[in-house]
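Residue numbers (this note's numbering): 1 to 202.
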Ligand code: ZN
């Protein structure tokens with residue numbers, strides 16, 4: 001059994017004008033698809049075949065199988081990314097997540113400023129994340145395919161800052177892309193689900 005490219009959780013043009021259909025055609029239909037295809041090719045007839053994706057990520061990382069790790073982590077990170085954005089996104093978090101944001105960052109505006117600084121500060125390709133640690137919420141960045149799944153933290157939401165995520169829409173203006181995400185697309189409901197499920201497990 002092999003991994004399949006999951007459908008986007010919304011229509012291809014649903015995030016316009018902040019993320020265009022053209023960008024998603026390439027980002028989901030070419031880049032994400034390629035990670036899944038390469039992963040399937042790499043794990044065929046290996047001990048990784050048949051394992052859940054999260055297990056492949058942690059096992060490949062532990063074994064130093066960087067090619068398998070990179071494609072597995074990118075397959076996972078991108079699925080997580082699609083859910084981190086919503087056509088009905090933006091606004092403010094509510095409930096326990098809002099309390100945790102305010103406790104850690106002061107308020108939502110300060111969270112957004114810190115998240116933006118982190119996303120712009122990630123040199124080259126990578127990801128900006130809101131994660132939950134044993135101490136509380138944190139904003140972290142990871143380079144290339146790196147993912148919180150191998151760092152013992154629980155991802156709540158992410159933004160892809162690889163150029164392939166924004167170049168067609170914004171060229172080199174990563175700041176405009178990050179602004180559009182934080183003001184119009186950020187999926188607080190998804191973050192809250194991840195936050196609540198982690199609380200239940202803790
Ligand atoms: Zn990407």
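Glycine included, each C-beta is placed from N, C-alpha and C at the ideal position.
| Check | Outcome |
| --- | --- |
| Three-way DSSP call (helix, strand, coil) for residue 45 in this model | coil |
| Proximal residues to residue 156 (C-beta, below 7 Å), its chain only, five neighbours per side dropped | 130, 131, 132, 191, 194, 195 |
| Near the ligand ZN: residue 78 beta-carbon under 7 Å from a heavy atom | yes |
| Rounded C-alpha distance that separates residue 28 from residue 14 | 14 Å |
| Extent of the continuous alpha helix (DSSP H) run through residue 53 | 53-63 |
| Separation of residue 76 from residue 54, as counted between CA atoms | 8 Å |
| Residue 128, enclosing beta strand (DSSP E) - first and last residue | 126-133 |
| Other residues of its chain near residue 170: CB distance less than 6 Å, five sequence neighbours each side excluded | 176, 177 |
| Whole-Å CB distance - residue 158 paired with residue 84, under 8 Å assumed | 5 Å |
| Segments assigned alpha helix (DSSP H), at least 4 residues, entirely inside the stretch 71-146 | 95-105, 108-121 |
| Assumed close pair residue 78, residue 35 - CB separation to whole angstroms, cut-off 8 Å | 7 Å |
| Short Cβ contact (8 Å threshold) for residue 19 with residue 185 | yes |
| Any non-hydrogen atom of the ligand ZN closer than 7 Å to residue 162 Cβ | yes |
| Residue from 97, 124, 168, 134 whose Cα sits closest to the Cα of residue 154 | 134 |
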